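Under our numbering, the first residue of the sequence shown is numbered 95, with each subsequent residue one higher. Note that CB positions come from ideal geometry on N, CA and C, so glycine has one too. Keep in mind it's a predicted model, so treat the numbers as computed, not measured.
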Amino acid sequence: MLEEYEKKRDFEKTSEPSVSDLKESSDKPIFVVQRHDARNLHYDFRLEIDGVLKSWAVPKQPPKKAGTKRLAVQTEDHPLAYADFEGEIPAGEYGAGRVEIWDRGTFELLKLKDKEILVTLHGEELKGDYVLIRTKYGKEEKGWLLFKRPTEK
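What follows is the structure, encoded as structure tokens:
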């Protein structure tokens, strides 16, 4: 599951967690959003699913209000230990640049389908129901839309 993650990194050069840096799943699944100032500033949105962090690169800050849709490009799975990672990925390495935790918390998984994921996030910045919908965008259809669902009245 984490082969692609491991292939892209030289752990002699980067302080990113390796696959062997184990972190146990908690009672409630976690999410983390990392502000990644790489070649282009973006946000890495990660959900703990099946023992790994399923990951999407979001070019703009994830929406806090309903009605705003964001492109989210699926990337390789990351190990759970990555949820605590902050630091500098050295120049010349995959994803070179500064990584900071922008938001974190737990979530409830409401729906998990091939083309749709629905979660309720309990974070500092992101709270409420969020939806990821797979689109036909990009290579291998890795493009998704990320948005916050309106609160029911």
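For E202, no alpha helix (DSSP H) segment is defined; the enclosing uninterrupted segment is the beta strand (DSSP E) at 191–206. Y188 and K102 have their C-alpha atoms some 6 Å from each other. By the criterion of a C-beta distance shorter than 7 Å, P244 is surrounded in its chain by A160, once the five residues flanking it on both sides are discounted.
The criterion of a C-beta distance shorter than 9 Å is not satisfied by F105 and F201. K233 sits in a helix when the DSSP states are folded into three classes. Contact annotation, F241 with P157: C-beta distance approximately 6 Å; criterion of less than 8 Å satisfied. In this chain, E98 is not harboured by any beta strand (DSSP E); it is covered by the alpha helix (DSSP H) spanning 97–101. DSSP links D223 through a beta bridge to T214.
The criterion of a C-beta distance shorter than 9 Å is satisfied by V167 and A151. Taken atom to atom, the span from the alpha-carbon of P153 to that of Y137 is near 6 Å.
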